[in-house]
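Participant: Residues in the sequence shown are numbered consecutively from 38, following the working numbering. Each residue gets a CB set at the ideal place from its N, CA and C atoms; glycine is no exception. Since the structure is predicted, the reported quantities are computational estimates derived from the model, not experimental observations. Just passing along the structure, written as structure tokens.
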Amino acid sequence: MGRPALDLRSLRGLILAGLAMGAALAAVMTAWELAKRLPVSRPGAPVRPPAAAEAAPPEDLRSRGLEFPVAGIPRMVTNSFDEPRRGARLHHAVDIMAPRGSPVRAVDEGTIVKLTSGGAGGTSVYEYDAGERYCYYYAHLQGYAAGLREGEKVSRGEVIGYVGTSGNAPANAPHL
Numbered sequence: 038m039g040r041p042a043l044d045l046r047s048l049r050g051l052i053l054a055g056l057a058m059g060a061a062l063a064a065v066m067t068a069w070e071l072a073k074r075l076p077v078s079r080p081g082a083p084v085r086p087p088a089a090a091e092a093a094p095p096e097d098l099r100s101r102g103l104e105f106p107v108a109g110i111p112r113m114v115t116n117s118f119d120e121p122r123r124g125a126r127l128h129h130a131v132d133i134m135a136p137r138g139s140p141v142r143a144v145d146e147g148t149i150v151k152l153t154s155g156g157a158g159g160t161s162v163y164e165y166d167a168g169e170r171y172c173y174y175y176a177h178l179q180g181y182a183a184g185l186r187e188g189e190k191v192s193r194g195e196v197i198g199y200v201g202t203s204g205n206a207p208a209n210a211p212h213l
């Protein structure tokens with residue numbers, strides 16, 4: 038036998054029924070609010086947060102005419118920015134397919150602020166633009182340009198490293 042039916046003729050029964058209805062209404066309202074924030078897409082498509090899906094570079098960044106970082110590559114870009122990756126993380130970069138050892142050039146005039154090696158990004162370079170508003174990240178490199186060091190000023194187009202597969206890069210893909 039199951040539980041006795043709720044007696045709505047008693048004060049206790051009315052209070053319990055009211056609490057149950059309030060909880061159900063709160064759950065429906067919360068689900069409704071969360072659903073309004075999700076973008077509508079085709080069935081089976083990955084769900085992306087709206088802010089990431091709508092993000093676009095500021096106009097002043099577009100107008101800079103940034104240097105393409107790998108010469109001789111006809112802009113073979115794998116647009117994988119914000120694609121889901123293993124472990125529920127998002128890929129916050131664009132990959133450029135190029136032969137291993139190809140020179141990687143600074144996309145803008147700036148300062149090398151950090152050189153790292155190891156971890157998911159492998160051998161990496163962080164460059165701030167001259168106004169320190171933007172940070173350019175070059176990852177999965179084979180190595181740095183000879184003599185490159187933190188604090189060094191670089192010119193647009195200057196070689197800063199070489200295409201590689203360090204870190205968790207599956208192919209020859211500088212990660213920018």
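#1: For a quick check, are the C-beta atoms of Tyr174 and Tyr165 less than 7 Å apart?
#2: Counting beta carbon pairs with one atom in the segment 131 to 139 and one in the segment 182 to 189, are three or more of them shorter than 8 Å?
#3: Would you grab the beta carbon distance between Thr223 and His177 for me? Rounded to a whole angstrom, and I think it's under 8 Å.
#4: Take the Cβ of Asp97 as the centre, count every other Cβ of all protein chains shown within 10 Å, and call the residue buried at 16 or more, exposed below.
#5: For the beta strand (DSSP E) that Leu178 lies in, which residues bound it at each end?
#6: Could you check the C-alpha separation between Tyr171 and Ser161 for me, to the nearest Å?
#7: Restricting to Cα atoms, I'd like to know which of Val141, Arg99, Gly159 and Ala130 is closest to Ser192.
#8: For Asp145, name the three-state secondary structure that DSSP assigns.
#9: Which one of Tyr181, Gln179 and Thr148 has the shortest CA to CA distance from Ala167?
#10: In terms of residue numbering, what span does the alpha helix (DSSP H) encompassing Glu169 cover?
#11: Go to Glu96, then tell me how far its alpha helix (DSSP H) extends in each direction, as first and last residue.
#12: Which same chain residues end up closer than 7 Å to Asn205 when comparing Cβ atoms and leaving out the 5 residues on each side of it in sequence?
#13: By alpha-carbon positions, which one of Val150, Gly155, Gly180 and Gly159 ends up nearest to Glu169?
#14: Which whole-angstrom value describes the C-beta separation of Glu104 and Asp145, a residue pair presumed to lie in contact below a C-beta threshold of 8 Å?
#15: With a threshold of 16 other CB atoms inside 10 Å of the CB of Gly159, please say whether the residue is buried or exposed.
#16: Within its chain, find whatever has a CB closer than 8 Å to the CB of Ile197; leave out the 5 residues flanking it on each side and keep chain order.
Facilitator: On the basis of the coordinates in this document:
#1: no
#2: no
#3: Coverage of the chain is limited to positions 38 through 213, which leaves residue 223 absent and any answer about it impossible.
#4: exposed
#5: If you look at Leu178, you'll find it in the beta strand (DSSP E) that goes Cys172 to Tyr181.
#6: 16 Å
#7: Val141
#8: coil
#9: Thr148
#10: Segment: none, Glu169 is in no alpha helix (DSSP H) and carries neither H nor E.
#11: It spans Glu96 to Arg99 - the alpha helix (DSSP H) in which Glu96 sits, taken as one unbroken run.
#12: Ala157
#13: Val150
#14: 7 Å
#15: buried
#16: Counting only Cβ-Cβ distances below 8 Å, and skipping sequence neighbours, we find Val141, Arg142, Ala143, Ile149, Val162, Glu164, Tyr175, Tyr181, Ala182, Leu185 and Val191.
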